[in-house]
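S.K.:
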Amino acid sequence: MRSVLLVLALILVMLQYRLWFAEGSLAEMHRLEVEVAEQDEINRELRERNGRLEREVLDLQTGNEGLEQRAREQLGLVREGEIFYQFAVPADPAVRRSDSDKE
Numbered sequence: 162m163r164s165v166l167l168v169l170a171l172i173l174v175m176l177q178y179r180l181w182f183a184e185g186s187l188a189e190m191h192r193l194e195v196e197v198a199e200q201d202e203i204n205r206e207l208r209e210r211n212g213r214l215e216r217e218v219l220d221l222q223t224g225n226e227g228l229e230q231r232a233r234e235q236l237g238l239v240r241e242g243e244i245f246y247q248f249a250v251p252a253d254p255a256v257r258r259s260d261s262d263k264e
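First residue of the sequence shown? That's 162 in the numbering used here, and the numbers climb one at a time after it.
Written as structure tokens, this is what we have:
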């Protein structure tokens with residue numbers, strides 16, 4: 162009887178080891194669930210970015226308005242007949258004061 166109990170206790174210890182520490186254990190399962198959740202978040206962000214890029218491509222392909230807007234914003238282009246004004250403000254307030262003191 163004692164040997165049967167010893168064998169059963171050994172089997173129980175082996176099963177517990179597999180449940181908590183071996184491959185396919187609860188800890189590994191939790192780690193994988195966390196990784197899947199992180200990857201799902203990354204995939205969601207990438208889907209949103211792809212949607213924005215797709216809309217931008219369609220906008221650029223369908224008309225000149227998107228292309229013109231992009232040229233104005235990124236390249237600083239101006240239509241013929243338009244007047245372009247650019248205001249420059251010195252970055253350092255001390256520079257402005259010293260210029261006004263000289264006058």
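Note that CB positions come from ideal geometry on N, CA and C, so glycine has one too. Given the structure is predicted, the values throughout are model-derived calculations rather than measurements.
Can you list, in chain order, the residues of its chain whose CB lies under 6 Å from that of V239, leaving out five sequence neighbours each side?
M.R.: Same-chain partners within the cutoff: F245.
S.K.: Helix, strand or coil, according to DSSP, for L167 in the structure here?
M.R.: Of the three classes helix, strand and coil, the one that applies to L167 here is helix, per DSSP.
S.K.: Contact check, L228 vs L221 under 8 Å by CB: the rounded distance?
M.R.: Confirmed, about 6 Å.
S.K.: Less than 8 Å between the CB atoms is what I'm expecting for L187 and L180, so what's the real figure, rounded?
M.R.: About 6 Å separates the two Cβ atoms, so the contact holds.
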